[in-house]
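What follows is a set of notes on a single structure, which appears directly below.
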Amino acid sequence: TQLLEQSPQFLSIQEGENLTVYCNSSSVFSSLQWYRQEPGEGPVLLVTVVTGGEVKKLKRLTFQFGDARKDSSLHITAAQPGDTGLYLCAGAREGGSEKLVFGKGTKLTVNP
Amino acid sequence: GAGVSQTPSNKVTEKGKYVELRCDPISGHTALYWYRQSLGQGPEFLIYFQGTGAADDSGLPNDRFFAVRPEGSVSTLKIQRTERGDSAVYLCASSPGPTGGEAFFGQGTRLTVV
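Here the protein sequences line up with chains X and Z, keeping their order.
When we follow my numbering, the leftmost residue of the first sequence carries the number 1, and every step to the right adds one.
When we follow my numbering, the leftmost residue of the second sequence carries the number 113, and every step to the right adds one.
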């Protein structure tokens, strides 16, 4: 059983389109991170959210943490080919250790 | 160094052999993590060090896997009697301290057991 469920698993869109990626769980997290990973590289941290209902913006990317701290979403506006990559959500479970639990990721392809 | 460095970047070994994977964390980072990523999956937690001690090793799959961090900086992940199922990318990450899991990753070591 996957603790963090990401959807969709694959997404292929045209440049300029908007998209949303979801990360859901039945568990509560003290914090949740979004990473982006390119082939042959390690994940690169995009953002951390810690407060229920929190919204953070990073240029064209908007991240939201659910009110109950069980889910999160990543919205990209006007996607560009440079946004192509594997997007991973990861969380530190409330009351758990420092280890991160990762979702399987969403593989995004933005076509020119 | 500027980032987390892992060596080697690729390792091919025969089934049954012993391997060591090295991680140099960001200077000054006290927390160090090892993860394993199989094809099409997200990273899977293996072990977490705070300083020299393993604070959480609950992710090590069995006793063939062992990791050390003797001086609180460089860490080595050791795998004995390798099996084909051990083939994966092994990722190391570090963070300045207990930061709620936020970490900076290296590029990984791709281990292939043939």
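Even glycine gets a Cβ: it sits at the ideal position worked out from N, Cα and C.
Since the structure is predicted, the reported quantities are computational estimates derived from the model, not experimental observations.
Between residue i and chain Z, is the shortest Cβ-Cβ distance under 8 angstroms, so that the two count as touching?
{"i": "E98 (chain X)", "result": "yes"}
{"i": "T77 (chain X)", "result": "no"}
{"i": "L3 (chain X)", "result": "no"}
{"i": "L19 (chain X)", "result": "no"}
{"i": "Q33 (chain X)", "result": "yes"}
{"i": "P112 (chain X)", "result": "no"}
Is there a C-beta anywhere in chain X that falls below 8 angstroms from the one on residue i?
{"i": "Q192 (chain Z)", "result": "no"}
{"i": "L151 (chain Z)", "result": "no"}
{"i": "P120 (chain Z)", "result": "no"}
{"i": "A143 (chain Z)", "result": "yes"}
Count the other C-beta atoms from every protein chain shown that fall within 10 angstroms of the C-beta of residue i, then say buried if there are 16 or more, exposed otherwise.
{"i": "A114 (chain Z)", "result": "exposed"}
{"i": "P208 (chain Z)", "result": "exposed"}
{"i": "T221 (chain Z)", "result": "buried"}
{"i": "D198 (chain Z)", "result": "buried"}
{"i": "V225 (chain Z)", "result": "buried"}
{"i": "P155 (chain Z)", "result": "buried"}
{"i": "S7 (chain X)", "result": "exposed"}
{"i": "P173 (chain Z)", "result": "exposed"}
Report the three-state DSSP secondary structure of residue i (helix, strand or coil).
{"i": "D83 (chain X)", "result": "helix"}
{"i": "R36 (chain X)", "result": "strand"}
{"i": "G91 (chain X)", "result": "strand"}
{"i": "D198 (chain Z)", "result": "helix"}
{"i": "T224 (chain Z)", "result": "strand"}
{"i": "E5 (chain X)", "result": "strand"}
{"i": "A205 (chain Z)", "result": "strand"}
{"i": "K70 (chain X)", "result": "coil"}
Given a cut-off of 8 angstroms, decide if residue j and residue i are closer than it, judged by their beta-carbon atoms.
{"i": "A68 (chain X)", "j": "Q33 (chain X)", "result": "no"}
{"i": "L151 (chain Z)", "j": "L189 (chain Z)", "result": "no"}
{"i": "L88 (chain X)", "j": "P43 (chain X)", "result": "yes"}
{"i": "V110 (chain X)", "j": "I13 (chain X)", "result": "yes"}
{"i": "L86 (chain X)", "j": "G103 (chain X)", "result": "no"}
{"i": "S139 (chain Z)", "j": "F161 (chain Z)", "result": "no"}
{"i": "L61 (chain X)", "j": "L45 (chain X)", "result": "no"}
{"i": "G171 (chain Z)", "j": "K107 (chain X)", "result": "no"}
{"i": "V18 (chain X)", "j": "T77 (chain X)", "result": "Rather than Val, the amino acid found at residue 18 (chain X) in this sequence is Asn. Against a cut-off of 8 angstroms, the Cβ pair of T77 (chain X) and N18 (chain X) comes out as a contact."}
(request) Give, in chain order, every residue of the region 166-184 of chain Z whose Cβ lies closer than 8 angstroms to some Cβ of chain X. (result) Correct list: A167, D168, S170, G171.
(message) What are the residues in the region 193-207 of chain Z lying within 7 angstroms of chain X by C-beta distance?
(response) Within the region 193-207 of chain Z, the residues whose Cβ lies closer than 7 angstroms to some Cβ of chain X are L203, listed in chain order.
(message) What are the residues in the region 45-58 of chain X lying within 9 angstroms of chain Z by C-beta distance?
(response) The region 45-58 of chain X vs chain Z, Cβ under 9 angstroms: L45, T48, V50.
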